[in-house]
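Chains as they are written, first to last, in the UniProt record's numbering: chain A, 1 to 130; chain S, 1 to 130; chain C, 1 to 130; chain Y, 1 to 130; chain X, 1 to 130; chain E, 1 to 130.
There are 6 protein chains.
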Amino acid sequence: MTKLIEYEEASDEVRSVYDDIRTTRQNDYINNFWKAIANHPPTLQRTWQAVKEVMTSPGELDPLMRELIYIAVSVTNGCEYCIASHTTAARAKGMSDTMFGELMGIIATANTTNRLANGYQIPVDERFKT
Amino acid sequence: MTKLIEYEEASDEVRSVYDDIRTTRQNDYINNFWKAIANHPPTLQRTWQAVKEVMTSPGELDPLMRELIYIAVSVTNGCEYCIASHTTAARAKGMSDTMFGELMGIIATANTTNRLANGYQIPVDERFKT
Amino acid sequence: MTKLIEYEEASDEVRSVYDDIRTTRQNDYINNFWKAIANHPPTLQRTWQAVKEVMTSPGELDPLMRELIYIAVSVTNGCEYCIASHTTAARAKGMSDTMFGELMGIIATANTTNRLANGYQIPVDERFKT
Amino acid sequence: MTKLIEYEEASDEVRSVYDDIRTTRQNDYINNFWKAIANHPPTLQRTWQAVKEVMTSPGELDPLMRELIYIAVSVTNGCEYCIASHTTAARAKGMSDTMFGELMGIIATANTTNRLANGYQIPVDERFKT
Amino acid sequence: MTKLIEYEEASDEVRSVYDDIRTTRQNDYINNFWKAIANHPPTLQRTWQAVKEVMTSPGELDPLMRELIYIAVSVTNGCEYCIASHTTAARAKGMSDTMFGELMGIIATANTTNRLANGYQIPVDERFKT
Amino acid sequence: MTKLIEYEEASDEVRSVYDDIRTTRQNDYINNFWKAIANHPPTLQRTWQAVKEVMTSPGELDPLMRELIYIAVSVTNGCEYCIASHTTAARAKGMSDTMFGELMGIIATANTTNRLANGYQIPVDERFKT
């Protein structure tokens with residue numbers, strides 16, 4: 001199993017990313033995901049920059065919506081870690097049980113129609129090609 | 001290739017679903033997806049009921065957000081038909097190019113972190129298990 | 001695009017596999033899949049042996065059921081080539097439109113419940129672990 | 001982790017679905033999957049109706065074959081819960097170890113040829129397009 | 001369909017990325033992938049930086065091996081665009097037909113054993129957990 | 001859970017495969033994967049022949065590179081067993097932590113660009129079609 005790199009034993013480069021995670025998220029917790037990929041500092045750097053940008057940079061989607069999209073991908077892929085961490089994050093950002101139920105309903109239905117489209121070999125309508 | 005069932009040649013059961021799609025979506029267009037699965041009326045019935053429920057029943061998620069979630073699943077699965085049809089629907093509901101770019105950025109990043117979590121075999125943090 | 005290796009230009013090793021495909025399937029048609037992987041004879045050999053064994057060796061599953069299972073996997077993965085070829089093969093082995101509709105209904109529903117199981121992080125019941 | 005809704009604490013709406021599951025399956029056991037999605041009654045309703053319809057309504061596929069198809073999808077997607085529950089159900093419906101071995105052989109081989117078709121970028125034969 | 005942003009009509013920010021792609025790849029061609037995601041400059045920036053880093057920064061894996069790994073992922077996911085572009089790139093970096101055949105053989109076999117591991121619900125050996 | 005077939009209780013057919021695994025891998029360990037699929041001897045035979053061929057037959061890819069490709073597929077699919085066993089095998093063949101980090105970076109990035117290509121519905125460049 002991957003060694004989790006704790007702040008105390010981390011290099012300056014890794015600590016610098018941990019500090020930015022703490023500042024951005026406004027709490028001290030560094031989760032196992034960051035501690036694991038910290039074994040390869042370029043990956044930690046690049047991944048944190050991407051997550052920070054897509055999840056917190058100003059834009060048209062509010063923070064809660066961004067978490068719901070993240071859950072939709074993670075559930076579709078079956079990533080146990082990501083489902084657990086992003087569901088927790090979404091609840092912290094205001095997702096109620098009902099909202100989670102609605103979200104899961106859409107994810108489930110989309111996975112259904114995706115396969116029906118495959119199996120029935122359906123041609124894309126002209127009006128959807130613009 | 002699957003025969004597309006047009007309204008004119010459809011059974012009463014299928015026409016009844018087409019009518020409900022038109023009423024619900026407030027336009028006359030029946031797309032190829034519905035015309036294709038109409039070859040099996042029980043599937044058409046059940047699938048339309050599911051889509052209608054998750055996409056239009058009153059709830060906490062607004063219509064545009066529901067389309068974005070649908071796109072997130074379809075892009076992750078690589079369903080060409082669904083990506084084309086739901087991107088068109090999302091634009092009709094107000095999705096700008098910028099919003100689409102933000103959405104794609106989250107989808108892309110989530111597909112990255114899902115695989116990092118797999119490969120680094122990361123244990124789920126206790127605090128995410130509640 | 002991959003060069004398709006026709007019988008006339010094939011090596012003895014490749015022709016030997018093509019001959020066995022023809023004998024086993026009782027018709028002369030060598031489809032594009034075999035002609036494409038024939039570019040790497042070890043892959044052609046090994047893949048034909050596997051397909052021949054799982055699809056035609058005596059067993060408890062009848063030939064049509066084996067094709068339905070093959071379609072279920074191919075639709076779930078979204079493999080356009082395999083969906084087209086195995087749907088054609090299944091029809092040749094007796095699959096009616098109704099049977100195809102029932103098959104697609106199960107595939108669609110399974111893809112739904114698979115994701116619900118992921119997203120709701122459901123623990124496996126003890127009785128299913130035996 | 002999701003709270004599992006037991007019959008005793010369930011609403012009338014949820015109990016009604018549990019009752020139908022028991023009647024249809026002819027045993028009293030409500031598994032964790034149903035107890036988990038019961039947190040969102042519309043999802044429980046819709047999902048049970050779908051599963052009931054595709055798995056038990058009269059049709060051309062027998063009950064055991066329907067479970068094999070369900071396993072094929074679940075194994076391809078890697079859904080741990082569904083693999084465990086449907087393998088148990090299939091055994092209860094008559095699946096022997098040998099049949100399971102044959103099923104797994106087809107699933108494995110189909111996942112192979114699906115990727116060969118992708119990687120070799122194989123054009124669909126004209127005769128498979130009808 | 002997405003508008004492809006040509007150099008001539010691009011903003012300075014986008015041109016700057018196109019220039020870096022040209023310099024890094026030592027040729028003038030900007031492919032459709034970059035021209036499409038250029039519709040959202042932050043995505044273009046971040047994605048190019050990631051690709052540039054993982055594919056060209058000094059490391060233990062040589063350039064051709066990196067392309068093979070990229071193909072392995074793309075074939076597994078069935079991404080038509082990426083399979084075509086990275087197979088072309090790998091050939092340019094020295095991949096022979098034989099090497100491609102060996103690569104595809106491994107990809108195919110891994111997709112098989114991945115599903116066998118799922119379906120047989122195999123516990124991870126202790127010695128693989130370190 | 002699947003019964004693991006130990007050498008002592010195995011049939012001659014299964015023992016013959018176990019012997020070949022030991023000889024080929026030059027150590028006595030038979031892992032859980034082989035012991036599990038040994039429940040269906042034709043699958044054990046065919047799968048071992050495939051793995052042996054793609055991973056050890058003489059070719060242009062060295063043994064360590066073959067393991068990296070195997071990991072790339074397994075991480076993309078999220079197969080817990082295969083990730084654990086092949087990461088262990090790769091380390092035994094010389095994969096350093098840095099090399100693993102580089103590998104994971106490519107896998108992660110490829111999973112990103114695969115989805116961007118899907119979502120932006122990007123047409124394949126003519127020059128990639130040859």
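Note that beta-carbon positions come from the ideal geometry of N, C-alpha and C, so glycine has one too.
- Assigned with DSSP and collapsed to three states, residue 6 of chain Y falls in coil, not helix or strand.
- Between the alpha carbons of residue 57 of chain A and residue 123 of chain C lies a distance of about 36 Å.
- Within chain C, the residues placing a beta-carbon under 8 Å from that of residue 43 of chain S are 101, 104, 105, 108, ordered along the chain.
- Residue state for residue 124 of chain C is assigned as coil, using DSSP reduced to three classes.
- Scanning E:114, E:125, E:129, E:63 for the CA closest to the CA of residue 74 of chain S turns up E:114.
- If you compare the alpha carbons of A:109, A:110, A:81, A:92 with that of residue 26 of chain A, the shortest gap goes to A:92.
- Judged by their CB atoms, residue 67 of chain X and residue 86 of chain X are nearer to each other than the 8 Å cut-off.
- Residues of the region 65-86 of chain C that bring their beta carbon within less than 8 Å of a beta carbon in chain X comprise 77, 78, 79, in sequence order.
- Just so you know, the alpha carbons of residue 42 of chain Y and residue 95 of chain X end up roughly 53 Å apart.
- Looking at the backbone, the Cα of residue 125 of chain A and that of residue 37 of chain S are separated by about 15 Å.
- Taking every protein chain shown into account, the CB of residue 3 of chain A has fewer than 16 other CB atoms within 10 angstroms, so this residue is exposed.
- In the structure shown, the three-state DSSP call for residue 104 of chain S is helix.
- Remark: C-beta atoms of residue 78 of chain X and residue 78 of chain C approach each other more closely than 8 Å.
- For residue 114 of chain Y, the three-state secondary structure derived from DSSP is helix.
- Residue nearest to residue 70 of chain Y within the set C:53, C:60, C:106 is C:106 (criterion: CA-CA distance).
- Interface criterion not met: the Cβ of residue 114 of chain A is under 8 Å from no Cβ in chain E.
- Per DSSP, reduced to three states, the secondary structure at residue 30 of chain A is coil, with no helix or strand assignment.
- Nearest Cα to residue 60 of chain Y within the set C:7, C:60, C:99, C:9: C:99.
- Contiguous alpha helix (DSSP H) elements confined to the region 28-64 of chain S occur at 32-37, 41-56, taking only those with 4 or more residues.
- Assigned with DSSP and collapsed to three states, residue 130 of chain C falls in coil, not helix or strand.
- Residue 23 of chain X and residue 51 of chain X have their C-alpha atoms roughly 14 Å apart.
- Exposure of residue 130 of chain A is indicated by the presence of fewer than 16 other C-beta atoms within 10 angstroms of its C-beta.
- Considering only beta carbons, the part of the region 25-53 of chain C lying closer than 9 Å to chain X consists of 37, 39, 40, 41, 42, 43, 46, 47, 50, in chain order.
- Residues are counted here when their Cβ sits less than 8 Å from a Cβ of chain Y; for the region 1-27 of chain S these are 1, given in chain order.
- Using beta-carbon distances, residue 129 of chain S counts as an interface residue toward chain Y, with a partner under 8 Å.
- The three-state secondary structure of residue 1 of chain A, taken from DSSP, is coil.
- By alpha-carbon distance to residue 118 of chain E, the top candidate from S:121, S:80, S:117 is S:80.
- Taking a Cβ-Cβ threshold of 7 Å, the residues of chain X close to residue 97 of chain S are 39, in chain order.
- Within the model, the alpha-carbon separation for residue 116 of chain S versus residue 16 of chain S is close to 47 Å.
- Within chain E, the residues whose beta carbon sits less than 8 Å from that of residue 88 of chain X are 127, 128, 130, listed in sequence order.
- Residue 65 of chain X is positioned such that its CB atom lies closer than 8 Å to that of residue 65 of chain E.
- Residue range 80-92 is occupied by the alpha helix (DSSP H) that includes residue 82 of chain Y.
- Between residue 108 of chain Y and residue 76 of chain X the beta-carbon gap is near 15 Å, outside 8 Å, which marks them as no contact.
- Close CB contacts of residue 18 of chain X within its chain, under the 6 Å cut and outside five residues either way in sequence, are with 7, 30 (chain order).
- Shown here, residue 16 of chain Y sits in a helix according to DSSP, grouped into three states.
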